Amino acid sequence: MNYYTSICAIAKDEDHALKEWVIYHLMIGFEAVFIYDNNSKNPVRTLLADLVEEQLVHIIDWPVHEAPQLSAYAHYITNFKAVSRWTAFIDIDEFIVPKQASDMRDILAAYEDNAGLAVSWMMFGSNGHVSRPSDLCINAYANRLETSQHVKTIAQCRYLAKPLSPHHFEYLKDHYCVNTERVPVSGAFSYYTDDVCQVNHYYYKSQQDFCAKIERGFATKLKSRDGYDLAEFLRQAHRAGEPDFSISRYAVPLKRLMHRSAKFLKSLVQNHAGKSVDHFFQEILRQVNTGKGDKAEALVQSMLRYHPDHSGVQILASTFYRKKGDLGKARSCAINAIKIESKADSYYELLQAEQAMGNSEQCKQIAAFIRSSLGRLGQLTEAWDAKLRAAVAAQDASGE
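In terms of my numbering, the sequence shown opens at residue 5 and continues consecutively.
Right, here's the structure in full:
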């Protein structure tokens, strides 16, 4: 499967809010969830059997006692880094909240030139709950206690070397993580930003939930403390906090999706994931031929999302945008095609984009380069020579 977005998490006896957490993140654009089950009394694969069957959730049994979280992350990076372009490394009590768009895929697409995106924590309190409430977690705990300089990471795993903490990673040379303002983040902390997205950290929940957290213990040991302490919960219980309803708009659709079948969720979430280049080519052509330009453009965007390293995909996208009149995107895709594969077709698409932009001199220089390159390779056919001459002639005839 070729996902654009996924989640990696470790779980241990997280029965109550687990399904809500999974379906919420599927709803906001994550296409698959990989859960490392650390000896849960009720196996996660049983709790989420319908989602597992539809391959929305993938379970890795992880009976590890020493550093289970970091070893799980390391295992994921080694074994699944090619499965998904972006992976969010978060906990079951953390909910990513997109703000500038409702789909995290649209947000992450703007950060593809970075190896990772560091998203700020927002800490939420217990809202006076002693017993576990029956409402959704995202409804029951609406009061934030404080912003945090801690971040959680959504990374392009192909650039990851290893996890350094639950919050941050070591990257391959010349690759790095940024916050939502594109400022490099080298550790587990950054100054707080929440304009693009944030992570709602439901650290306390109800007293009942916090006592269960104490029993589970840490997934990653800390030098400064041995475990959770009820006194910590009681201290925050006296703080009113401030309302934060940034996640509230997702509550109603989430409730609806909680009652839909896993098969329906799959059709909603993974409608383009795993589709071949040929599939996209045929679907785009069909939409163009039937005059459905908006649908064709959405398919072009999805094709670029799932097959960014295919030169033919970039060339087709360039052609589409050029004919649509979006010449900046057309030129950018043509250049991407050349980066992937320096061949005549890629340069010819760049020539076409430059021609559409009225750049006469560039057209002549690119045509001369293609002719020279093909000549050196013994591939300058009469057809290619005619194409190049026609392109230059058309530019000259335009009066430029």
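A virtual CB, placed ideally from N, CA and C, is assigned to each residue, including glycine.
Only a predicted model underlies this, so the values are computations on that prediction, with no experimental measurement involved.
- prompt: Using CA coordinates, which residue listed in L168, S152, L303, W125 is at the minimum distance from K279?
  reply: Taking the first residue of the sequence shown as position 1, residue 279 is located at position 275. Residue L303 is the option with its Cα nearest to K279.
query: Distance, Cα to Cα, N363 vs S350?
result: Residue numbering aside, residue 363 sits at position 359 when the sequence shown is read from its first letter. Residue numbering aside, residue 350 sits at position 346 when the sequence shown is read from its first letter. Taking the straight line joining both Cα atoms gives about 17 Å.
- prompt: So what's H29 in DSSP terms, helix, strand or just coil?
  reply: Within the sequence shown, residue 29 is the residue found at index 25, counting from 1. In this structure, H29 counts as helix in the three-state DSSP scheme.
task: Under 8 Å by Cβ, that's how I've got L22 and L269 pegged, so tell me the actual separation to the nearest angstrom.
output: As a working note, residue 22 is residue 18 in the sequence shown. As a working note, residue 269 is residue 265 in the sequence shown. 15 Å between Cβ atoms; not a contact.
task: Would you decide whether E185 is buried or exposed? Buried here means 16 or more other CB atoms lie within 10 Å of its CB.
output: Translated into the one-based positions of the sequence shown, residue 185 becomes position 181. E185 should be labelled exposed.
message: DSSP three-state label for A398, please.
response: Numbered from 1 along the sequence shown, position 394 holds the residue referred to as residue 398. Helix at A398.
- prompt: So who's on the other strand from H242, going by DSSP bridges?
  reply: Counting from 1 along the sequence shown, the entry for residue 242 is found at position 238. Its beta-bridge partners do not exist; DSSP assigns none.
message: From the DSSP secondary-structure annotation, give me the bridge partner or partners of K156.
response: Here the question's residue 156 lines up with position 152 in the sequence shown. Beta-bridge pairing links K156 to V123.
message: Less than 9 Å between the C-beta atoms of P102 and C201, yes or no?
response: Locating residue 102 in the sequence shown gives position 98, counting from the first residue. Locating residue 201 in the sequence shown gives position 197, counting from the first residue. Yes, these two residues count as a Cβ contact at 9 Å.
task: Buried or exposed for L289, please, with buried defined as at least 16 other CB atoms from any protein chain shown within 10 angstroms of its CB.
output: Counting from 1 along the sequence shown, the entry for residue 289 is found at position 285. The residue is exposed, with fewer than 16 neighbouring Cβ atoms inside 10 Å.
task: Would you kindly check if the distance between the Cβ of A348 and the Cβ of Q318 is under 9 Å?
output: Reading the sequence shown from its first residue, position 314 is the one you call residue 318. Reading the sequence shown from its first residue, position 344 is the one you call residue 348. No, the Cβ-Cβ distance between Q318 and A348 is not below 9 Å.
query: In terms of alpha-carbon separation, which member of D117, E236, E18 lies closest to E98?
result: Residue 98 sits at position 94 when you count from the first residue of the sequence shown. Nearest C-alpha to E98: E18.
message: A165 and I96 - do their beta-carbons sit closer together than 9 Å?
response: Here residue 96 is taken as the residue at index 92 of the sequence shown, counted from 1. Here residue 165 is taken as the residue at index 161 of the sequence shown, counted from 1. No. Outside cutoff.
field: C-alpha gap between A71 and L168, whole angstroms
entry: Counting from 1 along the sequence shown, the entry for residue 71 is found at position 67. Counting from 1 along the sequence shown, the entry for residue 168 is found at position 164. Whole-angstrom Cα-Cα distance: 12 Å.
message: At 4 residues or longer, what runs of the alpha helix (DSSP H) sit wholly inside the region 311-364?
response: 315-328, 331-344, 348-360
field: K166 - containing alpha helix (DSSP H), residue span
entry: For the purposes of this step, residue 166 is taken as the residue at position 162 of the sequence shown. Per DSSP, K166 belongs to no alpha helix (DSSP H); it is in the beta strand (DSSP E), 164-167.
field: For Y77, the nearest candidate out of E58, I94, R89 (CA to CA)
entry: In the sequence shown, residue 77 corresponds to position 73, counting from 1. Answer by Cα proximity: I94.
Whole-angstrom distance between Y310 and E404, CA atom to CA atom: Translated into positions along the sequence shown, residue 404 becomes position 400. Translated into positions along the sequence shown, residue 310 becomes position 306. Any answer about E404 is weak, because its pLDDT of 46 lies below 50 and its placement is not dependable; what the coordinates show is given next. Near 38 Å, if we compare the C-alpha coordinates of Y310 and E404.
message: Within the continuous beta strand (DSSP E) that includes N204, where are the two ends?
response: Locating residue 204 in the sequence shown gives position 200, counting from the first residue. 201-205 is the extent of the beta strand (DSSP E) around N204.
message: Given this structure, state the Cα-to-Cα distance separating A122 from S336, to the nearest angstrom.
response: As a first step, residue 122 is located in the sequence shown; it is residue number 118 there, counting from the start. As a first step, residue 336 is located in the sequence shown; it is residue number 332 there, counting from the start. Roughly 26 Å between the two C-alpha positions.
- prompt: When the Cα of P170 is compared with those of D298, G191, N183, which residue comes out closest?
  reply: By 1-based counting over the sequence shown, the position of residue 170 is 166. Here the closest residue by C-alpha is G191.
message: Going by DSSP in three states, N143 sits in which element: helix, strand or coil?
response: Here residue 143 corresponds to residue number 139 of the sequence shown, with the count starting at 1. Correct three-state label for N143: helix.
message: Quick check on T294: buried or exposed, where buried means 16 or more other Cβ atoms within 10 Å of its Cβ?
response: What you label residue 294 is simply residue 290 of the sequence shown in a count that begins at 1. Exposed: under 16 other Cβ atoms inside 10 Å.
message: Here's the rule I'm using: 16 or more other beta-carbon atoms within 10 Å means buried, otherwise exposed. How should Y7 be labelled?
response: One-based indexing of the sequence shown puts residue 7 at position 3. Answer is buried; the Cβ neighbour count reaches 16.
message: Using C-beta distances below 6 Å, list every residue in its chain close to N131, excluding the 5 sequence neighbours before and after it, in chain order.
response: For this step, residue 131 is matched to residue 127 along the sequence shown. Closer than 6 Å at the Cβ level, and outside the excluded window around N131, lie Y145, N147.
query: What are the partner residues of W90, as DSSP defines its beta bridges?
result: Along the sequence shown, read from residue 1 onward, the residue named residue 90 stands at position 86. The partner list for W90 (beta bridge, DSSP) reads T9, Q160.
query: Hey, quick one: how far does the alpha helix (DSSP H) through I100 stretch, first residue to last?
result: Sequence index remark: in the sequence shown, residue 100 carries index 96 (1-based). I100 -> not in any alpha helix (DSSP H); beta strand (DSSP E) instead, spanning 98-102.
field: Close Cβ partners of S75 (< 6 Å) along its chain, the five nearest in sequence each way excluded
entry: The residue you call residue 75 lines up with position 71 of the sequence shown. The answer, listed in chain order, is V68.
Rounded separation between H205 and F128 - CA only: Locating residue 205 in the sequence shown gives position 201, where the first residue counts as 1. Locating residue 128 in the sequence shown gives position 124, where the first residue counts as 1. Distance between the alpha carbons of H205 and F128: 6 Å.
DSSP state of L149 mapped onto helix, strand, coil: Counting from one through the sequence shown, the residue named residue 149 turns up at place 145. Correct three-state label for L149: strand.
message: Judging by CA-CA distance, which residue of A341, W125, C141 is the nearest neighbour of Q153?
response: Counting from 1 along the sequence shown, the entry for residue 153 is found at position 149. Out of A341, W125, C141, W125 has the C-alpha closest to the C-alpha of Q153.
field: Supposed contact pair R243 and L149 - C-beta distance, whole angstroms, cut 8 Å
entry: Start at 1 with the first residue of the sequence shown, and residue 149 comes out as number 145. Start at 1 with the first residue of the sequence shown, and residue 243 comes out as number 239. Between R243 and L149 the Cβ distance is about 6 Å, and since that is below 8 Å, they are a contact.
From V155, A397, H179, Y207, residue whose alpha carbon lies closest to that of Y195: Mapped onto the sequence shown, residue 195 falls at position 191. Closest by alpha carbon: V155.
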